[in-house]
Amino acid sequence: MTGWPWASGEVRVRALGSGGERLINSCVGRRIPVHEVRRRGEGLTFRIPLRALRAVRAMAREAGVRLRLEGYRGLPFLLRDLRPHAGFLVGAVLSLLVLNGLAAPIWVVRVEGTSSLPPAAVRDAALRAGLRPGSLRWRLDLDAVEGHILRSLSELVWADVELRGIVALIKVAEREPLHFLPPGRAPGEVVAARDGVVVSILAVQGEAAVSPGQVVARGDVLLRPPEPSPGRMGAVGVVWARVWYTGQAAVPLVWVQYRETGRSHVRWSLAVAGREVISRGGRVPFAYYHTNRQGWRIFGERNETGVVELSRETTREKERASRRLSGEEAGFLAERLAEAQVAALLDPGARIMGRQVERVYTSDYARVKLTVEVLEDIGVPRMPGSGR
């Protein structure tokens, strides 16, 4: 629930009696919004706007239906629950304002991530962008500071500024230097990216170090640079090989699924400086559920620790249902899962040459091992001294 329905409030009611459908039709006829209609036991449950509750009660009496209020949500109810804590809330906000005022200036500027570049150079670039000890945090444009640091220092490829209380932390990453080969060192080779059996070799530049039918392991040299190497060029080519991928999966013969029942529970909380001070809604009353959390920052700026946040957790009930599968059904599902595992490992240009499926059935599970034979280019470039 977002926007106007949340601002005006909604209630969940249960209509008991044989006239539940008649009541809903009356609501629709009078243009009263009705949501989440569910049949629960002897009656119907549905949601209506808070402002329409009095009119719906009158229509329920006419239809001979007993109306029971089961839940509510929205801004009016949140404000009602916060009213007893108004003094505490105001005190917490005022205390936070005082602390924030004391911590408004930046007193320390730190730099992290430098290796060859002096941290003082980063601090000087930040100073020229307006970030210095004594700067007021609300006057700082952090994006502009980060951009100025990157433009001023060509040695950097990334910069980020975080405000942590009275400390401004500048994180940077330096550009990796280019490594030129010294005289006497050979250019790069083409090595195997994975184990396989070589099928064919196309050496565009350089010489083949293996032959068709040869078994190679990951890291083995497939193509060597030309000798002599004019212009100090590396090996270039394509090495096709047969490679095997394996996927394994097990599916229980008792298949458990969880379905939403339509019931939900809402919990509101207010946190100051990361610590929850007010909450409404209590514990989740469901055995099986999933939760969705939404948060709104009421006070505080980016990267600050002393913020005031309002959060809403919506928990939706699930019911557990089990189904007994046959061995054939479980085996089929396990094979699909194994196929998904293998598909995630394959390169886009790989060609599937064959597959083998092994199935094992026990009293509780169906297990599948899928082996797929693929024809693919396994060569990748490697510079000397980079290791296997």
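Its first residue numbered 0, the sequence shown is counted upward by one per residue in the working numbering. Every residue, glycine too, gets a C-beta built ideally from N, C-alpha and C.
Do you know offhand how far G8's Cα is from G73's?
-> 4 Å
I297, buried or exposed, once every other Cβ within 10 Å from all chains shown has been counted against 16 | It is exposed - the Cβ of I297 has fewer than 16 other Cβ atoms within 10 Å.
Roughly how many angstroms separate the alpha carbons of L252 and V198, rounded to a whole number?
-> 42 Å
Between the Cα of Q247 and those of A343, A172, T313, D219, spot the shortest distance and give me the residue it belongs to.
-> A343
Hey, quick one: how far does the alpha helix (DSSP H) through G28 stretch, first residue to last?
-> 19-28
Pair every Cβ in the region 315-327 with every Cβ in the region 278-295, then say whether three or more of these pairs are closer than 8 Å.
-> Taking a cut-off of 8 Å for Cβ pairs, the region 315-327 and the region 278-295 touch, as three or more such pairs fall below it.
Does the Cβ of A320 have 16 or more other Cβ atoms within 10 Å, making it buried, or fewer, making it exposed?
-> exposed
Can you say whether P182 is buried or exposed, counting buried as having 16 or more other CB atoms within 10 angstroms of its CB?
-> Note that P182 scores 47 on pLDDT, short of 50, meaning its location in the model is unreliable and no value can be drawn from it.
Using 8 Å as the Cβ pair cut-off and three pairs as the minimum, do the region 160-174 and the region 207-226 touch?
-> no
Sorted by chain position, which residues of the same chain lie with C-beta nearer than 6 Å to R350's C-beta, five sequence neighbours on each side aside?
-> The answer, listed in chain order, is L374.
Reference E188, options D123, V203, S268, closest by Cα = V203
Which word fits G18, buried or exposed, when buried means at least 16 other C-beta atoms lie within 10 angstroms of its C-beta?
-> Classification for G18: buried.
The alpha helix (DSSP H) with L165 in it runs from where to where?
-> At residue 165 the sequence reads Ile, which differs from the Leu that was named. Premise fails: I165 is in no alpha helix (DSSP H) and is neither H nor E.
Whole angstroms is fine: what's the gap from L25's alpha carbon to A62's?
-> Contrary to the premise, residue 25 reads as Ser rather than Leu in this sequence. The alpha-carbon atoms of S25 and A62 are separated by roughly 9 Å.
Exposed or buried, what is L269 when buried is set at 16 or more other beta-carbons lying within 10 Å of its beta-carbon?
-> So L269 ends up on the buried side.
Once you ignore the five residues that flank P225 on each side, which residues in its own chain have a CB closer than 8 Å to its CB?
-> Hits under 8 Å: Q204, G205, E206, M232, A234.
Under a three-way DSSP split, which group does W254 fall into?
-> If DSSP states are grouped into helix, strand and coil, W254 belongs with the strands.
Are V10 and L49 closer than 9 Å when you measure CB to CB?
-> yes
Within the same chain, show all residues whose beta-carbon is closer than 7 Å to that of W157, passing over the 5 residues directly before and after it, in chain order.
-> V171, A172
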